[in-house]
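Residue numbers (this note's numbering), protein chains in the order written: chain A, 1 to 189; chain B, 1001 to 1139; chain C, 2001 to 2121. Every residue, glycine too, gets a C-beta built ideally from N, C-alpha and C. Being a predicted model, the structure only gives us computed values, none of them experimental. Notes to accompany the following structure.
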Amino acid sequence: MTISLIQMALLTMLAAVTVAIIRQRNLFGVVILAGIYSFLMASVMILIDAVDVAMTEASVGAGISTVVLLATIALTGSKEYPSVRRSLVPLFVAAVTGGALIWGTFPLPRFGVQESAIHMHVAPEYLQHSKDHKMPPNVVTAVLGDFRGYDTLGETTVIFTAGIGVMLLLRGRRRRLKENGKSAGKGTA
Amino acid sequence: MKFDLILRVGTKMILPFILLFAIYVHFHGDYGPGGGFQAGVILAAGIILYAMVFGLDAARRIAPQGLVELLVPTGVAVFAAAGLPGMFKDFRYLDYGVYGHDFLHAHEWGILIVETGVIITVFSTMVAIFYAFADRGRG
Amino acid sequence: MSQLTPLIDHFNYFTTIFLMVAGLYIVIARGNMIKKLVGLGLFQTSVYLLYLTPGKIVEGTAPIIDPRFQVYSNPLPHVLILTAIVVGVATLALGLALVVRISEEYGTIEEDEIFARGEDE
């Protein structure tokens, strides 16, 4: 038994919150549940030793994305209407995909084994650099800023691009005010 | 939220600690969990909290919109420029050996400069996104 | 109990797949665009878990070097996912900005109504 009980409990709670997100029709509730989901996910990440990631997930997932989602709901309304489509086909697609993926997990190495392939590649080298006092003690920072600086430069550029995109989409004048008479005559739902 | 006394006082009390924690996370990223990404998000969260409690105009006084939007490309530029000095001194792009004689020292400086670029980009992008959404709400 | 051990060992993966499939289901089945984006977020978060799970070593600790510890978990997935989370929220904001514009243009964020209006014209 290599997975601790607390980890199993947290993962089960994650699954429960996910079901609640699917069933919840009020978008405000969905956003709050998504915040709970992020905190649970951050707790799981701490248990699997990803402390830097957990910190990011807690501040980004539960902080910033909740704020942005709430700001959007304030602009668009918080009621989700039941879909007119039947939900059997999506359920079938999801079940088949899930079954195939679970079948695919069986050859994977056991949880937490030191000999699995992922620990054989470049990671020991990164750790060795820090152990030899050639790099800062936090290996994640060393890899992020130094060994894989090109990656991080790319990611920073993506964030920059997304920010510019949001500004371009939302900073312009609102057209709805101008065309109010036209769209009101057409009758919105 | 003009009359919500507890929120206003509580925010004023907690805000310096949020900003200080962000700075700590940024500069202590070499020795503990943290770094530019987390610090940028925490800084932005502090500004957003201030904006939500005291209003958008008050937040614009401490983080002017023009400055924030100027910082978005500045962060990427700082990151990209951090790699350049090495290219003039027999190193490759983004090799930090140029920043000092001692290997560890040079690379710590390089990482700090790069993380500064990251914190600037992340902070300003998050605040700019928040301003854009909040402005849309006011019409 | 010994037959159950492989299943318990893969519990992380099973939860990951459940979250992934739930996200997929929301994206396909639900017409509300904000709900769709939350579903996409679930899918994304499950990928984080998928990356981080194999990096863990049971006897190990977080990859911050200290003389007291010898075994450390794999730092590489942490780096990849760390940046992916921040990029994820930036792209989520971009998607939500598009939703806001759609809502201003059509007066609704329900996909079915938008499609129906397209067929009317």
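7 Å Cβ cutoff, residue i in contact with chain B
i, result
"residue 2093 of chain C", "yes"
"residue 188 of chain A", "Annotation note: pLDDT 38 at residue 188 of chain A (below 50); position unreliable, no value reported."
"residue 71 of chain A", "yes"
"residue 2038 of chain C", "no"
"residue 166 of chain A", "yes"
"residue 141 of chain A", "yes"
"residue 2087 of chain C", "no"
"residue 49 of chain A", "no"
"residue 160 of chain A", "yes"
"residue 156 of chain A", "yes"
"residue 75 of chain A", "yes"
"residue 38 of chain A", "no"
"residue 181 of chain A", "Confidence in residue 181 of chain A is poor, its pLDDT being 45 and thus under 50, which makes the residue's placement too unreliable to answer from."
"residue 26 of chain A", "no"
"residue 112 of chain A", "no"
Straight-line Cα distance separating residue j from residue i
i, j, result
"residue 2021 of chain C", "residue 2041 of chain C", "12 Å"
"residue 1129 of chain B", "residue 54 of chain A", "23 Å"
"residue 2039 of chain C", "residue 1032 of chain B", "33 Å"
"residue 2115 of chain C", "residue 1035 of chain B", "45 Å"
"residue 1011 of chain B", "residue 1071 of chain B", "25 Å"
"residue 1126 of chain B", "residue 130 of chain A", "32 Å"
"residue 139 of chain A", "residue 2071 of chain C", "13 Å"
"residue 1048 of chain B", "residue 2113 of chain C", "34 Å"
"residue 27 of chain A", "residue 58 of chain A", "21 Å"
"residue 2036 of chain C", "residue 1022 of chain B", "32 Å"
"residue 1100 of chain B", "residue 2009 of chain C", "47 Å"
"residue 169 of chain A", "residue 2033 of chain C", "17 Å"
"residue 149 of chain A", "residue 1008 of chain B", "41 Å"
"residue 1065 of chain B", "residue 8 of chain A", "45 Å"
"residue 1086 of chain B", "residue 1063 of chain B", "34 Å"
"residue 2077 of chain C", "residue 48 of chain A", "11 Å"
"residue 71 of chain A", "residue 1134 of chain B", "7 Å"
"residue 91 of chain A", "residue 44 of chain A", "27 Å"
"residue 2050 of chain C", "residue 2073 of chain C", "15 Å"
Unbroken alpha helix (DSSP H) run spanning residue i, endpoints
i, result
"residue 11 of chain A", "5-23"
"residue 131 of chain A", "123-131"
"residue 165 of chain A", "149-170"
"residue 1080 of chain B", "1065-1082"
"residue 1092 of chain B", "Premise fails: residue 1092 of chain B is in no alpha helix (DSSP H) and is neither H nor E."
"residue 111 of chain A", "That residue, residue 111 of chain A, is in no alpha helix (DSSP H); it is neither H nor E in DSSP."
"residue 61 of chain A", "That residue, residue 61 of chain A, is in no alpha helix (DSSP H); it is neither H nor E in DSSP."
"residue 87 of chain A", "No alpha helix (DSSP H) holds residue 87 of chain A; DSSP gives it neither H nor E."
"residue 70 of chain A", "65-76"
"residue 2038 of chain C", "2033-2052"
"residue 29 of chain A", "27-47"
"residue 1046 of chain B", "1036-1054"
Contacts that residue i makes with chain C (C-beta to C-beta distance below 8 Å)
i, result
"residue 98 of chain A", "2017, 2018, 2020, 2021"
"residue 1114 of chain B", "Here the premise fails: no neighbours, minimum Cβ distance about 12 Å."
Contact list for residue i against chain A, beta-carbon separation under 7 Å
i, result
"residue 2110 of chain C", "81"
Within chain B, partners of residue i - CB distance below 8 Å
i, result
"residue 2061 of chain C", "In chain order: nothing, as chain B lies at least about 12 Å away."
"residue 2064 of chain C", "1031, 1032, 1033"
"residue 135 of chain A", "1104, 1107"
Below-7 Å beta-carbon distance, residue i vs any chain A residue
i, result
"residue 2068 of chain C", "no"
"residue 1074 of chain B", "no"
"residue 2011 of chain C", "yes"
"residue 2047 of chain C", "no"
"residue 2008 of chain C", "yes"
"residue 1007 of chain B", "no"
"residue 2024 of chain C", "yes"
"residue 2057 of chain C", "yes"
"residue 1094 of chain B", "yes"
"residue 2114 of chain C", "no"
Proximal residues of chain A, C-beta to C-beta of residue i below 8 Å
i, result
"residue 1128 of chain B", "163, 166, 167"
Within-7 Å CB hit, residue i to chain C
i, result
"residue 17 of chain A", "no"
"residue 41 of chain A", "yes"
"residue 131 of chain A", "yes"
"residue 1138 of chain B", "no"
"residue 1037 of chain B", "yes"
"residue 1121 of chain B", "no"
Chain C residues whose Cβ lies nearer than 9 Å to that of residue i
i, result
"residue 170 of chain A", "2097, 2100, 2101"
"residue 127 of chain A", "2063, 2065, 2072, 2074, 2075"
"residue 151 of chain A", "2079, 2080, 2083"
"residue 13 of chain A", "Neighbours of residue 13 of chain A on chain C: none; closest Cβ ~10 Å, over 9 Å."
Partner residues on chain C for residue i, Cβ-Cβ distance less than 7 Å
i, result
"residue 56 of chain A", "2082, 2085, 2086"
"residue 1125 of chain B", "2090"
"residue 52 of chain A", "2078, 2082"
7 Å Cβ cutoff, residue i in contact with chain E
i, result
"residue 2051 of chain C", "Reference to chain E is not applicable here, since the protein chains of this structure are A, B and C."
Contact set between residue i and chain B, taken where Cβ atoms lie within less than 9 Å
i, result
"residue 2034 of chain C", "The premise fails here: residue 2034 of chain C is roughly 13 Å from chain B at the closest Cβ pair, so nothing lies under 9 Å."
Whole-Å CB distance - residue i paired with residue j, under 8 Å assumed
i, j, result
"residue 68 of chain A", "residue 2096 of chain C", "6 Å"
"residue 1132 of chain B", "residue 166 of chain A", "5 Å"
Closer than 7 Å at the beta carbon, the chain B residues around residue i
i, result
"residue 67 of chain A", "1048, 1130"
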